[in-house]
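In UniProt numbering, the protein residues as written are 1 to 393.
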RNA sequence: GGGUGCGUCGCAUAGCGGCAAUUGCACCACGCUGUAGACGUGGCGCCUUUAUGGCUACGCAGGUUCGAGUCCUGCCGCACCCA
């Protein structure tokens, strides 16, 4: 993997670049759709290519559990398996440490503006490490240790130990072009002490990943390995992490973990960390993907993004409409007689061919074409957004 | 003509003396940011000062009871069976 900065903005830290991988190039800034289980839910690879998608992000944890990384390796690797010949990224399983662990316990997402509305709680006190779980319906599936993370499979309850070494081995078997170091994504409700402890462990895991990872002579032939900066909302921890991870021999960097309780906090986190990372290497903001957030992050020097938001919103019947990312709830009955396309200025397959009324009907009737068309629209929207950003730089 | 059963919030259901009343569907609103998510949460008689509030409600009319969707009588309607 190689990265070249082609142009730098004079107004901000934004830059235009190109990532070269064994399976082709990624023009940055780029949005990377998520295809967790070796598929972007609902879409064929041809549809993705028509939209202009250059790369996809798949998931180590999910593919390890099913069908198994060894099977995928035998079948010729992930590219061959899913018939996608363009670049693939794989997440390390680090996010599942959170989503199957603290997220269940704390009932939150990684951006804490998504606070739970359960009960009458208006505010959340920070959660201390090892605090007992009181609600049995919210028992977590992940237990974190120095060695790695013990998962209880969400599929069949079986136990699996995922370690930095194992994550690297799985990701090697899957054969993605860009892979991530195994980390712990912390919760916005974790306090300073816990976040610090977790950060130090993630740093040790990062060096273990690098030690396991095979560096070959030619950069272009081999996988690129990205290290992940953690530290939650705490400035000194983020700075410490950016310095530590940034000094290691990674091919690029991800900014991960809890990104605070508001968008402002997220932007601050980027302001603290991005300038401390090697300038010539690509920087990825993990799991962020609203149009507004992407614009702010690009200005702060982020090159690539992955996010489930456009695909998930599409499946759930919300279609992205405007540049600010405001969604139109196309499945709502108020569009049942609306002849207009989702967005009359949009050139996507859905908007060129179908009315809101038709797509609304498909959702009401639970026809699979509804989520498919809405997903096409949303990914097209993201692709155009990134294109516009690249032109502007 | 005789008999049996049944009539509950748009539809379908639960309810067997303390009920504005269960559940599913439909409908409506909101949420979703490295995918346990084609999902989740809430609402769904009317009114209001939104409350340990008021009113009106389980085919219709009476009755028993402190209290009736629930028990009794009659009527109406529907279904099935026997003539």
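Backbone N, C-alpha and C define an ideal beta-carbon position, used for all residues, glycine too.
Just to confirm before moving on: does the CB-CB distance between residue i and residue j stay below 8 angstroms?
i, j, result
"residue 54", "residue 79", "no"
"residue 409", "residue 141", "No statement about residue 409 is possible, as the shown extent of the chain runs from 1 to 393 and does not include it."
"residue 17", "residue 372", "no"
"residue 284", "residue 252", "yes"
"residue 298", "residue 14", "yes"
"residue 77", "residue 228", "no"
"residue 91", "residue 59", "yes"
"residue 7", "residue 393", "yes"
"residue 260", "residue 233", "yes"
"residue 165", "residue 208", "yes"
"residue 178", "residue 223", "yes"
"residue 330", "residue 374", "yes"
"residue 33", "residue 379", "yes"
"residue 186", "residue 246", "no"
Would you report the Cα separation of residue i and residue j, rounded to the nearest angstrom?
i, j, result
"residue 394", "residue 75", "This structure cannot settle anything about residue 394, because the visible part of the chain is limited to 1 through 393."
"residue 335", "residue 156", "41 angstroms"
"residue 168", "residue 188", "27 angstroms"
"residue 271", "residue 277", "11 angstroms"
"residue 351", "residue 359", "10 angstroms"
"residue 114", "residue 146", "In this predicted model, residue 114 has a pLDDT of only 38, less than 50, meaning its place in the structure is not dependable enough to derive any value."
"residue 196", "residue 1", "32 angstroms"
"residue 67", "residue 321", "36 angstroms"
"residue 328", "residue 342", "8 angstroms"
"residue 221", "residue 386", "27 angstroms"
"residue 12", "residue 279", "14 angstroms"
"residue 236", "residue 269", "10 angstroms"
"residue 133", "residue 345", "The predicted position of residue 133 is uncertain, since its pLDDT is 36 and thus under 50; a value taken from the coordinates is nonetheless stated next. If you take the alpha carbons of residue 133 and residue 345, they lie about 50 angstroms apart."
"residue 20", "residue 211", "24 angstroms"
"residue 219", "residue 339", "52 angstroms"
"residue 125", "residue 282", "Per-residue confidence for residue 125 stands at a pLDDT of 37, beneath the threshold of 50, marking its modelled position as unreliable; the derived number appears in the next sentence. So the alpha carbons of these two residues sit roughly 36 angstroms apart."
"residue 332", "residue 318", "9 angstroms"
"residue 175", "residue 69", "9 angstroms"
"residue 349", "residue 241", "43 angstroms"
"residue 294", "residue 391", "15 angstroms"
"residue 131", "residue 87", "The predicted position of residue 131 is uncertain, since its pLDDT is 39 and thus under 50; a value taken from the coordinates is nonetheless stated next. Rounded to the nearest angstrom, the two C-alpha atoms are 41 angstroms apart."
"residue 64", "residue 370", "30 angstroms"
With respect to the alpha helix (DSSP H) encompassing residue i, which residues constitute its N-terminal and C-terminal limits?
i, result
"residue 363", "356 to 364"
"residue 150", "Careful: residue 150 lies outside any alpha helix (DSSP H), inside the beta strand (DSSP E) at 149 to 152."
"residue 45", "45 to 51"
"residue 375", "369 to 392"
"residue 273", "263 to 273"
"residue 246", "235 to 246"
Taking C-alpha atoms, which residue in the options lies nearest to residue i?
i, options, result
"residue 301", "1, 9, 84, 231", "9"
"residue 143", "334, 178, 105", "105"
"residue 139", "328, 102, 393", "102"
"residue 85", "212, 207, 56", "56"
"residue 255", "163, 261, 226", "226"
"residue 99", "151, 51, 67", "151"
"residue 308", "361, 290, 339", "290"
"residue 162", "62, 249, 370", "62"
"residue 451", "281, 279, 311, 275", "Nothing about residue 451 can be read from this structure; the chain reaches only from 1 to 393."
"residue 292", "266, 355, 148, 281", "266"
"residue 315", "81, 348, 368, 349", "368"
"residue 181", "354, 205, 175, 193", "205"
"residue 384", "347, 363, 366", "347"
"residue 170", "89, 366, 349, 340", "89"
"residue 184", "175, 97, 241, 258", "97"
Look up residue i in the DSSP assignment and give the residues it is bridged to.
i, result
"residue 34", "57"
"residue 20", "2, 25"
"residue 318", "329"
"residue 160", "151"
"residue 15", "8"
"residue 90", "58, 179"
"residue 307", "33"
Any heavy atom of the ligand MG within a distance shorter than 7 angstroms of the CB on residue i?
i, result
"residue 16", "Judged by which ligands are present, the structure shown has none, so any question about the ligand MG falls away."
Within the continuous beta strand (DSSP E) that includes residue i, where are the two ends?
i, result
"residue 84", "Residue 84 -> no beta strand (DSSP E), and no H or E assigned at all."
"residue 142", "142 to 144"
"residue 287", "From DSSP, residue 287 is part of no beta strand (DSSP E); its letter is neither H nor E."
"residue 225", "224 to 229"
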